[in-house]
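Single-structure report; data block below.
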Amino acid sequence: MNRIRLVVALTVLLLPGVLKAQVGVYAAFSETKLNIANTDWIKGATFGAYYDAVHLPLVNFGVDARGSVLGGSGMTQVKSGLFGPRAVAHLPIVPLKPYVEGLIGAGQVQVGQGTAASSATHLEYGLAAGADFTFFPRLDWRVVDYQYGGFDRLNGTTGQKTISTGLVFRLPIP
Numbered sequence: 019m020n021r022i023r024l025v026v027a028l029t030v031l032l033l034p035g036v037l038k039a040q041v042g043v044y045a046a047f048s049e050t051k052l053n054i055a056n057t058d059w060i061k062g063a064t065f066g067a068y069y070d071a072v073h074l075p076l077v078n079f080g081v082d083a084r085g086s087v088l089g090g091s092g093m094t095q096v097k098s099g100l101f102g103p104r105a106v107a108h109l110p111i112v113p114l115k116p117y118v119e120g121l122i123g124a125g126q127v128q129v130g131q132g133t134a135a136s137s138a139t140h141l142e143y144g145l146a147a148g149a150d151f152t153f154f155p156r157l158d159w160r161v162v163d164y165q166y167g168g169f170d171r172l173n174g175t176t177g178q179k180t181i182s183t184g185l186v187f188r189l190p191i192p
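Residues 19 to 192 (our numbering) are what the sequence shown spells out, left to right.
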């Protein structure tokens, strides 16, 4: 009987914090490098949103959806859309939130020029890690976001490294 009361009391006390969702939208300047010969680092934008649904005392769990448009009108271009789970640590006292994400989606890669040009859409996957620094109540600086991944069946498996920095706006959703 006492165990049941303890479980009910803990549930009532902890559940509201666990169910408090948080949504953030972000935009970042990004540079990426493909492991394809004769390609340089290409620049562009990464944008997306996350939804942290589960809040525990030191960590949140949620999902992230992001898109990237890299390369503009150059010879090498990457356009991608990725989605996946994320975990965010909340450090006591420090306004820094490190995170990790597992991502999967699709990406279009264009390399070369003229008759040597190649463009195709493939499965894309990756792991991302970074840190957000809160400098206003609802505004964070995404200090760094490093993503390592690849494209399936593009000359075997093509690796991709991306580094980004930008701003995150956390929406006031109760």
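For every residue, glycine included, the Cβ atom is placed at its ideal position computed from N, Cα and C.
Give me the DSSP bridge partner(s) of residue i.
i, result
"A146", "E119, Q165"
"Q128", "Q95, S137"
"N53", "Note: N53 sits in no beta bridge, so no partner."
"H73", "N78"
Can you name, in chain order, every residue of its own chain whose Cβ lies under 8 Å from the Cβ of residue i, other than the five neighbours on each side?
i, result
"A46", "A63, T64, F65, R160, D163, S182, T183, G184, L185"
"D170", "H140, L141, E142, Y143"
"G177", "L52, N53, Y166, G167, G168"
By Cβ distance, which residues of its chain are closer than 7 Å to residue i, with the 5 residues on each side in sequence left out?
i, result
"A83", "G66, A67, F101"
"T57", "T94, V129"
"G120", "G102, P103, L145"
Helix, strand or coil for residue i per DSSP?
i, result
"W59", "coil"
"P190", "coil"
"G184", "strand"
"R160", "strand"
"G42", "strand"
"V112", "coil"
"P155", "coil"
"G90", "coil"
Note down, in chain order, each residue of its chain lying with its Cβ closer than 6 Å to the Cβ of residue i, except the 5 sequence neighbours on either side.
i, result
"Q95", "G89, Q128"
"V118", "A105, A147"
"F79", "V72, A105"
"T180", "S48, T50, Q165"
"M93", "Q131"
Could you tell me whether the Cβ atoms of residue i and residue j are closer together than 9 Å?
i, j, result
"F153", "P113", "yes"
"G42", "L145", "no"
"A138", "K115", "no"
Hey, is residue i's beta-carbon within less than 9 Å of any beta-carbon in chain C?
i, result
"A146", "In the structure shown, chain C does not exist; there is a single protein chain."
Examine the ligand NAP and report whether any of its heavy atoms sits within less than 8 Å of the Cβ of residue i.
i, result
"L114", "You won't find the ligand NAP in this model; it holds no ligand whatsoever."
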